[in-house]
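Please read the structure below before turning to the comments.
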Amino acid sequence: RTPNGKQRYWCHDCQRSRRDNPQPAGYTEAGRDTILRAYEERSSLRGLERTFGVSRKTVLPGFLTDEEMR
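When we follow our numbering, the leftmost residue of the sequence shown carries the number 104, and every step to the right adds one.
In C-alpha cells:
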C-alpha cells in the first residue's frame, strides 16, 4: 500500500508498480492561493512550511514569481 492507503499493483511484464486512480502531483489552485495569501500577510517561509506542510524549496521557485519575492 501507498502512504495514503491506496493499493499498489506490480506489473510482472515491465517490472513497474502502479496504483488505481492516481492523484495528480502538485497543489490545487485553492491550496496554492491560500499559501500565497499567507505569504502576503508576512508569514515567514519557515512558518508556511510548518503551517501547510510544504517545503521552502517548493514555495520559492514553484509559487512565487520574482516580483512577489521582493
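A virtual CB, placed ideally from N, CA and C, is assigned to each residue, including glycine.
Quiz item: CB-CB under 7 Å to Trp113, same chain, minus the five flanking residues each way: which ones, in chain order?
Solution: Taking the first residue of the sequence shown as 1, we reach residue 113 at position 10. Only Ser120 meet the Cβ criterion.
Next on the checklist: Just to confirm my understanding: we take Ser158, look at its own chain, exclude 5 residues before and 5 after, and list those with CB closer than 7 Å. What are they?
Outcome noted: For the purposes of this step, residue 158 is identified with residue 55 of the sequence shown, where counting begins at 1. Glu152.
Quiz item: Among residues of its own chain, excluding the 5 on either side of Phe155, which ones have a beta-carbon nearer than 7 Å to its beta-carbon?
Solution: Position 52 of the sequence shown holds residue 155. Taken in chain order, the residues that qualify are Ile138.
How big is the Cα-Cα spacing for Ala128 and Lys160? Working through the sequence shown from its first residue, we reach residue 128 at position 25. Working through the sequence shown from its first residue, we reach residue 160 at position 57. If I take the Cα positions, the gap works out to 16 Å.
- Query: Mapping DSSP to helix, strand and coil, what is Arg111?
  - Reply: Position 8 of the sequence shown, counted from the first residue, corresponds to residue 111. DSSP places Arg111 in strand when its eight states are reduced to three.
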